[in-house]
């Protein structure tokens, strides 16, 4: 069905394709898949697997200059406020050592300690974790539904690629323009100007295509700076799929198919690319939508109402978002489209046409298992984890909520500096100091002084532990540390 024996043979060793090869794809504001509340995709580089596994518990910042410690970092679920946790800070000659490699820091480096300690956790590979269950259900579906000529799975699966990628992999390989807002430092985690933590799994598309693969799934953790609430977390997980077709594969079984062609030179329209024939585009689109309809029926059950919404992604055209009617509510679950031929050609598959889609694992798990708070995926509480230890991965699971402990709410107000302030910098600071004790941060007031024209922001911070009741004293301690850090790190003028 798809590709030659040689291409199939490449499936098993794709992550060995090149020790120097980068896997990349750009983060975008409208990157597909969905985060718990938005679309997404992911990015990575290949690092030796033994080195990577050995590094999981060993993520730290090496700095030739001193670190600056700010605030209190609570350890995951349940520990008392620890001694002040050092936030990552640049200094001349400083280096970030991550997954066995060293990366010199520069003016683009913005990784936080909080995020660094999560790299290598790979929740999607932890047996019986809810994200692992979703991944395994998708894998099983693709393995059973799509089989090659020799009885082997058509789609290869790659779920252990390094999350460190180059900016070329994350953006340029995916045709994301140099001035695209998705490249902003305020939205991504950069190790330096040339390397970053992938913002979507699409970052691996080009390298896998270049390796000769034409049907694959990529699963991994992705990283984006974002707001703080029950639906958003700076690390989440995506699953991406790509399939290419040759002329023979696409038109086999079609009446007079031998006379049809994949390519032509025409003009681009809302419905197709300039290099694709209408017949080829319609068949690829049909196959894509049929594949996804079968997948969501497998995950959610038959009889699900589905609709397709036209949208834009830099690397597909036409592009769509899939929405499902679940319990009477329309929910966006993934993004997809016909791959831009320029991307496919640049990876060396000029004689093929294909589709791609990406989805967020947290998004699906929260819908399927009725999980209310994204922080729970990082919990090590047995009351949470034991609910997903099932003998059959397709067994229905409905999360039984843990006791919800009372929130504590504090406000923080300050005058913004005249320049270089970004809300995501503040959210990262809150995550670094408050950790997973912070449930939500809302910007509740903006005010511009009529004479000085200075702008003031007031944020409402909701603190809530998932496993115990917080004391006023410990919350006050964290909040004071946050106030001090905001002044020292962000250059704001406190109104405390």
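Residue numbers (my numbering): 600 to 1095. In this text, a Cβ means the ideal position worked out from N, Cα and C, and glycines have one as well. None of the values given here were measured: they were computed from a predicted structure.
query, result
"My output table needs one value for residue 940: the three-state DSSP class, helix, strand or coil.", "helix"
"In angstroms with no decimal places, state the Cα-to-Cα distance between residue 907 and residue 879.", "20 Å"
"If you draw a straight line from the alpha carbon of residue 739 to that of residue 841, how long is it in whole angstroms?", "16 Å"
"Following the continuous beta strand (DSSP E) through residue 954, name the residue where it begins and the one where it ends.", "952 to 959"
"For my contact list, residue 933 and residue 958 are in at a C-beta cut-off of 8 Å; report their separation, rounded to the angstrom.", "4 Å"
"Using the three-state DSSP reduction, which class does residue 720 fall into: helix, strand or coil?", "coil"
"From residue 704 to residue 1015, what does the alpha carbon distance come to, in whole angstroms?", "26 Å"
"Mind checking residue 869: buried by the 16 CB within 10 Å criterion, or exposed?", "exposed"
"Could you give the C-beta distance for residue 754 and residue 741, rounded to a whole number, given that I count them as a contact under 8 Å?", "5 Å"
"Please work out which residues of its chain come closer than 7 Å, Cβ to Cβ, to residue 717, disregarding the five sequence neighbours upstream and downstream, and give them in chain order.", "834"
"What are the start and end residues of the alpha helix (DSSP H) that includes residue 840?", "Counting along the chain, residue 840 falls outside any alpha helix (DSSP H), though it belongs to the beta strand (DSSP E) covering 834 to 844."
"Of the choices 766, 714, 757, 762, whose alpha-carbon is the least far from that of residue 707?", "766"
"Skipping 5 residues on each side, what residues in its chain have a beta carbon closer than 7 Å to that of residue 658?", "At residue 658 the pLDDT is 37, less than 50, meaning the model places this residue with poor confidence; the figure from the coordinates comes in the next sentence. Within the same chain, residue 658 has close Cβ partners 697, 715, 716, 718, 719."
"Along the chain, which unbroken stretches of the beta strand (DSSP E) at least 3 residues long are found entirely within the stretch 737 to 761?", "755 to 757"
"Can you name the residues that DSSP bridges to residue 1041?", "1059"
"Give the range of the alpha helix (DSSP H) segment to which residue 1158 is assigned.", "Coverage of the chain is limited to positions 600 through 1095, which leaves residue 1158 absent and any answer about it impossible."
"Please classify residue 900: is it buried, with 16 or more other beta-carbons within 10 angstroms of its beta-carbon, or exposed?", "exposed"
"As an exercise, report each continuous beta strand (DSSP E) stretch of at least 3 residues that is fully enclosed by the stretch 952 to 1027, in chain order.", "952 to 959, 1007 to 1014"
"Looking only at C-alpha atoms, which of 1010, 1007, 991, 986 sits nearest to residue 1001?", "986"
"Verify whether the separation of the beta carbon atoms of residue 865 and residue 873 is less than 8 Å.", "yes"
"On a CA-only basis, which of 1024, 1073, 1038, 1070 is nearest residue 1087? Give me that one, please.", "1024"
"For residue 1090, which residues in the same chain have their Cβ closer than 6 Å to its Cβ, ignoring the five residues on either side in sequence?", "1016"
"Under a three-way DSSP split, which group does residue 809 fall into?", "helix"
"May I ask which residues mark the beginning and end of the alpha helix (DSSP H) holding residue 800?", "First-last for residue 800: undefined, no H or E at that position."
"Suppose the cutoff is 7 Å on Cβ atoms and the five residues either side in sequence are ignored; what does the same chain contact list for residue 966 look like?", "925, 930"
"Taking C-beta to C-beta, are residue 736 and residue 788 nearer than 8 Å?", "no"
"Since residue 700 is in the alpha helix (DSSP H), which residue starts that stretch and which ends it?", "From DSSP, residue 700 is part of no alpha helix (DSSP H) but of the beta strand (DSSP E) over 700 to 703."
"So what's residue 696 in DSSP terms, helix, strand or just coil?", "strand"
"Does the Cβ of residue 803 have 16 or more other Cβ atoms within 10 Å, making it buried, or fewer, making it exposed?", "buried"
"In its own chain, which residues sit with a C-beta less than 6 Å from the C-beta of residue 665, not counting the 5 before and 5 after it?", "The predicted model places residue 665 with a pLDDT of 31, which falls under 50 and marks its position as unreliable, so this point remains unresolved."
"Classify residue 1042: buried if its beta carbon has 16 or more other beta carbons within 10 angstroms, exposed otherwise.", "exposed"
"Note down, in chain order, each residue of its chain lying with its Cβ closer than 6 Å to the Cβ of residue 946, except the 5 sequence neighbours on either side.", "805, 808, 809"
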